[in-house]
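Trainee: Quick mapping for you: the protein sequence lines, in order, are chains A and B. Take the first sequence: its letter number 383 is residue 383 in this note's numbering, and every next letter is one higher. This note's numbering runs 555 ahead of the 1-based position in the second sequence. Dropping the structure in here first, questions after.
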Amino acid sequence: MNRKFLVFVSLLSVLLVLMSGTVVVAQGETFMGKTAEELFPGAADETERANAMAALLEANLPDATGQFAGQTLTLAVQQAGARGGISGPYYFWREAFQAATGATLEIVEIPQAQYFTTTSTDFLTGQNSYDVMNIGAWFLADYVVNGWIQPLDPFFEQEGFPVWDREAVFPSLANLMKWEGQWYGALNDGDAQMLYYRKDILTDPDWQAAFKEETGMDMPVPPKTWQQLLAVTKFFNGKDWNEDGDPDDGISLHLRTGGQGMFHFMSLSAPFAITPAEGDDIGKITKYDNVYWFDPDDLTPLINQPGHVAALEFLKELAATGSTAQFGWELAEAWNNFLNGNAVATFSWGDVGSLAQDPSRSTIQGKLGGARIPCSEKWYDREAGVFVEDSANPNCVGNTTGGSWYPVMSAFTDTPGLAYYLMAMQAAKPINFFNVYYGWTGVDPGATYDLFPPIGTASVDDYVAAGYNADDALEYITGYGENFFSHPIYQTYLRIPGTETMWTILDTRLGQAMIDELTPQEALDLVAQEWDQVNNDLGREEQLRVYQAGIGYVP
Amino acid sequence: MYKKSRARYFFLLPGVFWILTFTLFPLIFSLYLSFTNANMRNFTRATWNFVGFENYASIGSDLRVGETVVTSVYLTVGSLLVTLILGTFMAWLFNHDIPGLRIFRSILTMPLFAAPIALGFMGLILFNETSGSINSIIRGLGGTGVRWMTDSWSARTAVLILDAWQWTPFVFVIILAAMQSIPEELYEAARLDTGSGWAVFRSITFPLIAPALGTVALLRLVETFKILDIPFSMLGGGPGSATQTYSYYVYLTGLRSFNMGYASSLAYILVIIAIIISTIYFWRVRARFE
Numbered sequence: 001m002n003r004k005f006l007v008f009v010s011l012l013s014v015l016l017v018l019m020s021g022t023v024v025v026a027q028g029e030t031f032m033g034k035t036a037e038e039l040f041p042g043a044a045d046e047t048e049r050a051n052a053m054a055a056l057l058e059a060n061l062p063d064a065t066g067q068f069a070g071q072t073l074t075l076a077v078q079q080a081g082a083r084g085g086i087s088g089p090y091y092f093w094r095e096a097f098q099a100a101t102g103a104t105l106e107i108v109e110i111p112q113a114q115y116f117t118t119t120s121t122d123f124l125t126g127q128n129s130y131d132v133m134n135i136g137a138w139f140l141a142d143y144v145v146n147g148w149i150q151p152l153d154p155f156f157e158q159e160g161f162p163v164w165d166r167e168a169v170f171p172s173l174a175n176l177m178k179w180e181g182q183w184y185g186a187l188n189d190g191d192a193q194m195l196y197y198r199k200d201i202l203t204d205p206d207w208q209a210a211f212k213e214e215t216g217m218d219m220p221v222p223p224k225t226w227q228q229l230l231a232v233t234k235f236f237n238g239k240d241w242n243e244d245g246d247p248d249d250g251i252s253l254h255l256r257t258g259g260q261g262m263f264h265f266m267s268l269s270a271p272f273a274i275t276p277a278e279g280d281d282i283g284k285i286t287k288y289d290n291v292y293w294f295d296p297d298d299l300t301p302l303i304n305q306p307g308h309v310a311a312l313e314f315l316k317e318l319a320a321t322g323s324t325a326q327f328g329w330e331l332a333e334a335w336n337n338f339l340n341g342n343a344v345a346t347f348s349w350g351d352v353g354s355l356a357q358d359p360s361r362s363t364i365q366g367k368l369g370g371a372r373i374p375c376s377e378k379w380y381d382r383e384a385g386v387f388v389e390d391s392a393n394p395n396c397v398g399n400t401t402g403g404s405w406y407p408v409m410s411a412f413t414d415t416p417g418l419a420y421y422l423m424a425m426q427a428a429k430p431i432n433f434f435n436v437y438y439g440w441t442g443v444d445p446g447a448t449y450d451l452f453p454p455i456g457t458a459s460v461d462d463y464v465a466a467g468y469n470a471d472d473a474l475e476y477i478t479g480y481g482e483n484f485f486s487h488p489i490y491q492t493y494l495r496i497p498g499t500e501t502m503w504t505i506l507d508t509r510l511g512q513a514m515i516d517e518l519t520p521q522e523a524l525d526l527v528a529q530e531w532d533q534v535n536n537d538l539g540r541e542e543q544l545r546v547y548q549a550g551i552g553y554v555p
Numbered sequence: 556m557y558k559k560s561r562a563r564y565f566f567l568l569p570g571v572f573w574i575l576t577f578t579l580f581p582l583i584f585s586l587y588l589s590f591t592n593a594n595m596r597n598f599t600r601a602t603w604n605f606v607g608f609e610n611y612a613s614i615g616s617d618l619r620v621g622e623t624v625v626t627s628v629y630l631t632v633g634s635l636l637v638t639l640i641l642g643t644f645m646a647w648l649f650n651h652d653i654p655g656l657r658i659f660r661s662i663l664t665m666p667l668f669a670a671p672i673a674l675g676f677m678g679l680i681l682f683n684e685t686s687g688s689i690n691s692i693i694r695g696l697g698g699t700g701v702r703w704m705t706d707s708w709s710a711r712t713a714v715l716i717l718d719a720w721q722w723t724p725f726v727f728v729i730i731l732a733a734m735q736s737i738p739e740e741l742y743e744a745a746r747l748d749t750g751s752g753w754a755v756f757r758s759i760t761f762p763l764i765a766p767a768l769g770t771v772a773l774l775r776l777v778e779t780f781k782i783l784d785i786p787f788s789m790l791g792g793g794p795g796s797a798t799q800t801y802s803y804y805v806y807l808t809g810l811r812s813f814n815m816g817y818a819s820s821l822a823y824i825l826v827i828i829a830i831i832i833s834t835i836y837f838w839r840v841r842a843r844f845e
């Protein structure tokens with residue numbers, strides 16, 4: 001009895017020490033002689049500061065003051081401020097970086113719409129102002145082909161840098177950070193679009209009965225196809241389902257020109273336009289299968305093919321189940337509309353899942369449903385030249401839309417070691433994981449340790465410790481993981497010089513179609529015509545070679 | 556005497572250097588670029604070849620040019636008319652003895668000092684369809700909100716309103732100065748013949764402020780045709796491409812797509828239009844005064 005009691009007390013003590021670990025760290029520990037208060041002046045509260053300190057100590061950053069003291073590193077990042085998405089984490093960890101290296105980190109914020117132009121012009125004019133640039137994955141081809149950035153591989157085996165786990169990066173995202181087998185980017189933000197919906201509303205028996213009565217269908221929870229989602233958003237649009245006295249929205253999208261709305265179209269249109277290959281290897285890239293952007297034999301744009309056009313017609317139908325103001329919304333406005341409880345569904349990046357846990361931005365904590373991006377019951381078989389309709393076996397295509405914002409190193413930096421230190425530090429598991437579970441950072445899951453078993457090693461408790469509702473964490477992280485790992489095939493990513501221009505063209509023409517200035521067919525025909533022109537201007541043969549290499553097509 | 560002459564040239568040097576470096580060189584270099592296929596995106600892969608008038612020939616078949624010209628013409632004509640009419644009316648109003656005239660005049664000129672890019676962001680707030688104050692006022696008066704951000708012509712009109720708001724004071728200041736330079740004796744003599752204020756304005760004021768109006772119209776014409784900052788910051792050129800002006804398209808082609816050859820040819824067309832307009836204007840002015 002006595003021994004049992006002693007064992008019990010010992011176990012309880014161990015448990016208490018473990019549970020209070022973060023507090024002990026925050027109160028007593030220092031890093032390079034600095035306290036948590038000194039290192040994280042921008043923390044929102046003591047819990048966030050304590051968790052950051054714990055992550056910093058766990059990252060086990062090597063003391064690099066002997067190597068880098070007195071040096072200055074200039075980082076270019078999208079403009080969002082010290083607590084804004086993507087730029088925020090660099091500010092948040094700046095003091096720690098400076099303490100570890102003795103160097104100074106200068107952060108230059110550039111508006112996202114100007115980011116490519118500003119950084120490219122900087123290189124073209126030989127100013128080379130930035131040592132590290134946090135870029136969108138679709139910039140990579142331009143940067144590599146022009147020789148503006150350098151591979152990171154030479155640093156991987158060197159001592160004295162923070163350690164990050166490249167094996168843990170989702171394979172589809174890792175491919176976007178590499179070019180011809182070499183790593184150019186380090187892990188930061190992992191992007192893919194998934195479906196979010198109001199689980200509390202869709203599982204409400206009264207709403208389920210009303211839905212059945214009106215549509216004759218059972219409420220799909222979660223909606224597994226775009227067609228099911230449309231039925232749901234159409235049903236809820238205009239009804240006061242949140243009981244605030246005003247009619248509410250079905251869907252919430254951001255469709256303003258220049259507001260990244262073209263990404264929605266990419267994710268939505270993939271299962272309308274991409275077909276799996278026949279045989280055992282359904283992911284194989286052939287002339288007709290698993291291609292989305294161009295014909296891999298001759299670079300003819302596919303964007304105006306019947307599948308893509310049908311998808312745009314569908315997007316218009318879906319957008320009509322939301323506010324007309326959507327056409328003037330940027331990303332944050334569409335998110336806020338969903339987070340404030342005014343829309344029953346949205347599809348977007350991982351940020352929505354984490355922002356839903358922030359009481360200052362969300363009223364829907366504990367009500368969130370999440371699922372992988374829907375499939376389509378109708379798609380175009382380009383080889384056969386016919387549409388296929390099969391609601392029992394829909395066409396499912398995953399995406400890495402957006403493809404993440406990650407840091408790359410200038411080929412002209414005077415401080416390559418210091419640049420890599422910063423990149424590796426942000427990619428180090430404890431720091432990256434911290435950034436992932438705090439939604440304000442804009443950093444979405446990109447490594448298996450962010451996901452739940454069997455794919456990953458995270459637990460719901462990890463997320464609950466950061467303020468998540470347990471059910472929401474389960475919905476969001478499971479859905480996000482399924483997005484990356486459960487689809488039979490995936491949309492290829494466009495990585496050729498001129499991608500940024502092509503996406504700007506797509507964005508503009510989609511905008512014209514959405515406001516009925518052009519029909520979907522007219523809009524996408526113009527996109528095809530203008531993409532052709534871009535390829536011709538940049539050299540068609542070289543563009544074709546880069547495209548084939550980028551998607552893994554062997555003629 | 557000789558030394559004095561040398562000193563004169565020495566003091567001219569900075570000005571000459573400035574004009575050669577920052578005016579003539581870019582002008583000539585961009586003219587050269589407009590005859591090449593220069594594309595800075597394939598910087599390391601391609602050479603710049605002379606392509607003759609190919610860029611200029613492409614402009615005719617470029618669909619985007621037609622779209623952007625429609626927007627530019629709408630904004631130019633609309634804004635020109637609004638600013639000239641309002642500015643002249645305000646100048647006429649302030650050409651009378653009004654208490655606190657100087658204070659009102661100072662307040663009225665304040666929009667001139669706003670940066671157009673900031674005005675665009677202000678427009679984003681004012682013209683917001685759901686929470687903007689303009690739609691709130693319209694709804695408060697019993698109307699229905701206008702789709703300022705999501706309807707093509709409403710969006711263009713929103714840009715026009717902002718531009719006119721900023722530049723009406725410019726017209727006001729110039730025309731007021733012109734009105735105040737008209738000798739009072741002319742008005743006194745006219746009043747002996749007629750008591751109609753409109754007749755006095757039509758026969759005395761308008762003809763005498765016409766040269767100033769012409770100059771203002773010319774400046775505004777060229778300036779508004781170049782408009783880029785307000786549509787850029789307020790609407791990103793959208794919805795669709797509704798507020799993409801010709802200058803916006805030159806910017807996108809040159810500094811977003813880095814197609815410098817084609818962008819230079821587009822810009823030169825703008826230069827040619829400006830030269831034609833100002834030549835016609837000065838020819839008319841010279842004819843009038845001769």
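C-beta atoms are modelled at their ideal positions from N, C-alpha and C, and glycine is treated no differently.
Run through DSSP, which three-state label would Ile-496 of chain A get?
Mentor: DSSP places Ile-496 of chain A in coil when its eight states are reduced to three.
Trainee: Can you tell me whether Asp-390 of chain A is buried or exposed? The criterion is at least 16 other CB atoms within 10 Å of its CB, across all chains shown.
Mentor: Under this definition Asp-390 of chain A is an exposed residue.
Trainee: Measuring straight from C-alpha to C-alpha, what distance separates Leu-474 of chain A and Val-637 of chain B?
Mentor: Their backbone Cα atoms lie some 58 Å apart in a straight line.
Trainee: Using a beta-carbon distance cut-off of less than 8 Å, what residues from the stretch 248-261 of chain A approach chain B?
Mentor: The stretch 248-261 of chain A vs chain B, Cβ under 8 Å: Arg-256, Thr-257, Gly-258, Gly-259.
Trainee: Closer than 7 Å, CB to CB, is Ala-549 of chain A near chain B or not?
Mentor: Closer than 7 Å: no.
Trainee: Confirm, please, whether the CB-CB distance from Gly-795 of chain B to Gln-533 of chain A is below 7 Å.
Mentor: No, the Cβ-Cβ distance between Gln-533 of chain A and Gly-795 of chain B is not below 7 Å.
Trainee: Any C-beta of chain A sitting closer than 7 Å to the C-beta of Pro-794 of chain B?
Mentor: Interface residue, yes.
Trainee: In the stretch 700-719 of chain B, which residues sit with their C-beta less than 9 Å from some C-beta in chain A, listed in chain order?
Mentor: Those residues of the stretch 700-719 of chain B that come within reach of chain A (Cβ to Cβ, closer than 9 Å) are Arg-702, Trp-703, Met-704, Thr-705, Asp-706, Ser-707, Ala-710.
Trainee: Examine chain A for any beta-carbon lying closer than 7 Å to the beta-carbon of Thr-800 of chain B, and answer yes or no.
Mentor: With 7 Å as the cut-off, Thr-800 of chain B does not count as an interface residue toward chain A.
Trainee: Check this for me: beta carbons of Ile-496 of chain A and Glu-530 of chain A, under 7 Å apart or not?
Mentor: No, they are not a contact pair.
Trainee: Would you be able to state if there are at least three C-beta pairs under 8 Å between the stretch 90-105 of chain A and the stretch 67-75 of chain A?
Mentor: Short answer: they touch.
Trainee: Residues bridged to Gln-78 of chain A by DSSP?
Mentor: Beta-bridge pairing links Gln-78 of chain A to A:Ile-110.
Trainee: Quick one: Cα of Leu-567 of chain B to Cα of Thr-576 of chain B, how far?
Mentor: Approximately 14 Å, taken between the alpha carbons.
Trainee: Select from B:Phe-676, B:Ala-593, B:Thr-834 the residue whose C-alpha is nearest the C-alpha of Gly-607 of chain B.
Mentor: The shortest C-alpha separation from Gly-607 of chain B is found at B:Ala-593.
Trainee: Mind checking whether Val-805 of chain B and Ala-829 of chain B have CB atoms under 7 Å apart?
Mentor: Not in contact: Val-805 of chain B and Ala-829 of chain B (Cβ atoms no closer than 7 Å).
Trainee: Find the nearest neighbour of Ala-277 of chain A within the set A:Thr-30, A:Pro-488, A:Gly-190, A:Asn-432, judged by alpha-carbon distance.
Mentor: Ranking the options by Cα distance to Ala-277 of chain A, first place goes to A:Pro-488.
Trainee: Closer than 9 Å by beta-carbon distance: list the chain A residues that pair up with Ser-691 of chain B, in chain order.
Mentor: Those do not exist, as Ser-691 of chain B stays about 14 Å from chain A at its closest Cβ, beyond 9 Å.
Trainee: Do the stretch 420-440 of chain A and the stretch 399-409 of chain A touch if we need at least three Cβ pairs shorter than 8 Å?
Mentor: Output reads yes: the stretch 399-409 of chain A touches the stretch 420-440 of chain A.
Trainee: Kindly indicate if chain B contains any beta-carbon less than 7 Å away from that of Leu-124 of chain A.
Mentor: So, interface residue.
Trainee: Thinking Thr-798 of chain B and Leu-807 of chain B are a contact (beta carbons under 8 Å), I'd like their distance in whole angstroms, please.
Mentor: Contact doesn't hold; Cβ gap of about 13 Å is too wide.
Trainee: Could you tell me whether the Cβ of Asp-537 of chain A comes closer than 7 Å to any Cβ of chain B?
Mentor: Output row for Asp-537 of chain A: interface = yes.
Trainee: What did DSSP end up calling Trp-405 of chain A once you bin it into helix, strand or coil?
Mentor: Here Trp-405 of chain A sits in strand by DSSP.
Trainee: I need the DSSP call for Ile-455 of chain A, collapsed to helix, strand or coil.
Mentor: Coil at Ile-455 of chain A, not helix or strand.
Trainee: Counting contacts by CB-CB distance shorter than 7 Å, is Gln-127 of chain A in contact with chain B?
Mentor: Cβ-Cβ to chain B under 7 Å: no for Gln-127 of chain A.
Trainee: Thinking C-alpha only, which one of B:Phe-837, B:Leu-783, B:Tyr-817 is nearest Gly-675 of chain B?
Mentor: It is B:Leu-783 whose Cα lies nearest to the Cα of Gly-675 of chain B.
Trainee: Measuring CA to CA, which of A:Asp-122, A:Met-502, A:Gln-543 is closest to Leu-524 of chain A?
Mentor: The option with the nearest alpha carbon to Leu-524 of chain A is A:Met-502.
Trainee: Helix or strand or just coil, what does DSSP make of Arg-600 of chain B?
Mentor: Reliability of the predicted coordinates at Arg-600 of chain B is poor, the pLDDT of 48 falling under 50, and the value obtained from them is presented with this limitation in mind. Note: Arg-600 of chain B maps to coil in three-state DSSP.
Trainee: Going by CA-CA distance only, name the one from A:Phe-452, A:Thr-400, A:Thr-441 that's closest to Asn-483 of chain A.
Mentor: For Asn-483 of chain A, the nearest C-alpha among the options comes from A:Thr-400.
Trainee: Pair every Cβ in the stretch 330-345 of chain A with every Cβ in the stretch 259-266 of chain A, then say whether three or more of these pairs are closer than 8 Å.
Mentor: Output reads yes: the stretch 259-266 of chain A touches the stretch 330-345 of chain A.
Trainee: In whole angstroms, what separates the C-alpha of Val-388 of chain A from that of Phe-265 of chain A?
Mentor: Cα-Cα distance, rounded: 20 Å.
Trainee: Along the chain, where does the alpha helix (DSSP H) containing Phe-314 of chain A start, and where does it finish?
Mentor: Element bounds for Phe-314 of chain A: 306-319.
Trainee: Report the residue ranges of all alpha helix (DSSP H) runs contained in full by the stretch 762-794 of chain B; include only those spanning at least 4 residues, in chain order.
Mentor: Whole alpha helix (DSSP H) segments, 4+ residues: 784-790.
Trainee: Which residue comes first and which comes last in the alpha helix (DSSP H) that contains Phe-294 of chain A?
Mentor: Phe-294 of chain A -> no alpha helix (DSSP H), and no H or E assigned at all.
Trainee: Quick check: the Cα distance between Asp-414 of chain A and Asp-131 of chain A, rounded to an integer number of angstroms?
Mentor: Roughly 8 Å separates the two Cα atoms.
Trainee: Tell me Tyr-490 of chain A's beta-bridge partners as DSSP assigns them.
Mentor: BP columns for Tyr-490 of chain A point to A:Gly-398.
Trainee: Should Gly-279 of chain A be labelled buried (16 or more other beta-carbon atoms within 10 Å of its own) or exposed?
Mentor: Burial call: exposed.
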